[in-house]
Amino acid sequence: MGDYVALADDVDCYSVAKIRIGTKAAVSQRSFLCAASHDPSSLLRPLRPKPITVQNHAWIAAEVMVLPGVTIGEGTVVAARSVVTKDLPPWRICVGNPCVPKSRRQVFDLHLDPSIKLVDVVEGGR
5 MGDYVALADD
15 VDCYSVAKIR
25 IGTKAAVSQR
35 SFLCAASHDP
45 SSLLRPLRPK
55 PITVQNHAWI
65 AAEVMVLPGV
75 TIGEGTVVAA
85 RSVVTKDLPP
95 WRICVGNPCV
105 PKSRRQVFDL
115 HLDPSIKLVD
125 VVEGGR
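Its first residue numbered 5, the sequence shown is counted upward by one per residue in the numbering used here.
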């Protein structure tokens, strides 16, 4: 877990495999990061762990379900109650079930973190 990470009340990190959370990332109330599932093709239903990565400056809003093996890109915002089934690109606003990118994330105060690369970020003006 990186520096300045916020995990809100009732976040569930089912960490059978590693769950990596980057610097200045946030996971809001009642979200579920599930790093394993069962193989339905076997009557024994063996556990299949896969790591989850939440990159720097990402924000997972309330009651989001993140499935095994997913990477949430740097600076990406995942809207409340979304279900993340696949990797999400950096600096996007993503929504839905299944969760998909809807727009680029505009950031008005990039000067607060000089480590951010401006490749995928839209600088907003006020």
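Built from N, CA and C at the ideal position, the CB exists for glycine as well.
> Does the segment 5 to 25 come close enough to the segment 90 to 99 that 3 or more CB-CB pairs lie under 8 Å?
Replying inline: They do not touch, by the three-pair rule.
> Going by beta carbon distance, what residues of the same chain come within less than 8 Å of residue 50, once the five residues before and after it are set aside?
Replying inline: Apart from the 5 residues on each side of it in sequence, residue 50 sits with its Cβ closer than 8 Å to the Cβ of 42 and 43 in its chain, given in chain order.
>> Quick check: residue 72 and residue 53, are their CB atoms within less than 9 Å of each other?
In response: Residue 53 sits close to residue 72, with the two beta carbons spaced by under 9 Å.
> Buried or exposed: where does residue 28 fall if 16 or more other Cβ atoms within 10 Å of its Cβ makes it buried?
Replying inline: Burial call: buried.
> Does DSSP classify residue 61 as helix, strand or coil?
Replying inline: For residue 61, the secondary structure class from DSSP, reduced to helix, strand or coil, is coil.
>> With H, G and I counted as helix, E and B as strand and the rest as coil, what does DSSP make of residue 114?
In response: Here residue 114 carries a helix assignment [DSSP, helix/strand/coil].
>> For a test of the three-state rule: what should DSSP assign to residue 75, helix, strand or coil?
In response: DSSP places residue 75 in strand when its eight states are reduced to three.
>> Here's the rule: buried if 16 or more other CB atoms are within 10 angstroms of the residue's CB, otherwise exposed. What is residue 130?
In response: With a pLDDT of only 47 at residue 130, under 50, the local geometry of the prediction cannot be trusted, and no value is derived from it.
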